[in-house]
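So for the sequence shown, this note's numbering puts the first residue at 58; every next one is plus one.
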Amino acid sequence: MRKLIPFILFLCGTEAIFAQNSYKKLLDTAVGTSRSIYVNANPITNIKLDAAKMWDYYNEYIEDSKLVLDTVMFAQIIKNSQQPDKTLWTDRELDKSILIKNVSEPIDINYVLSKFNITDKSQIKAYKKTIGNFNATKSYDRDIYSYSKPVFDDSQKYAIIQWDNGHNGVVGGGAIVLFHLSEDGWEELGTITSWKY
């Protein structure tokens, strides 16, 4: 019995590490291909999925991807999206992004240099220029992306992430993208729904 307890603890720890790695790989797949390095630290919490429109999402997805998927998975994701994770994004989760806590405040260049461990003088100069341009831009014109935390189906093999980059009330758009966990890792399957401003 004494040997069994450490073995069970080892298995639990291994499963937790796998789950963390899987979650991080999903974020890298979804956000790592972002069009902007600037990401709102506040996740989207009003996910634009409506159970009454499930068949519209399903048909739009089939039209977009040419893949047919189980409607039960869509229904589970829609149900699970009603209680989204509202915790702020962390630098550990989005390690390739500059997290913006308040759209109207300037970015601290020291935070960026420290986060990305930038020590090369030419890179420091380039980042200072880039951050300076961002800080000089009016807050309503800043190109900042927002993402929801992933919402999974009950099997944890499918997930959606909503993104939006609406700024100044006229430009931008967003989408809800579906991902699948295969043997090769997380892959983007297609868009469930999208919009433009």
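We put the beta carbon where it would ideally sit given N, CA and C, even for glycine.
These numbers come from a predicted model, not from an experiment.
Report yes or no: is there a C-beta of chain D within less than 8 Å of the C-beta of K153? Absent here is chain D; the protein component of the structure consists of one chain.
Paired residues, beta bridge with I108 - DSSP: In the sequence under discussion, the amino acid at residue 108 is Ala, which differs from the Ile named in the question. Per DSSP, none; premise fails for A108.
So what's T71 in DSSP terms, helix, strand or just coil? Here the model assigns T71 a pLDDT of 37, short of 50, so the residue's position is not dependable, and the following value carries that caveat. Three-state result, T71: helix.
Selected residue, minimal CA-CA separation from D165, among F209, D221, N190 and K178: N190
Can V160 and I201 be called in contact, C-beta distance under 8 Å? yes
Could you name the residues of the same chain whose beta carbon sits closer than 6 Å to that of S93, not counting the 5 residues immediately before and after it, in chain order? D200 and Y202
Assign L29 to buried or exposed, taking buried as 16 or more other Cβ atoms, counted over all protein chains shown, within 10 Å of its Cβ. No answer is possible for residue 29: the residues shown for the chain start at 58 and end at 254.
Alpha-carbon to alpha-carbon, D142 and D210: 14 Å
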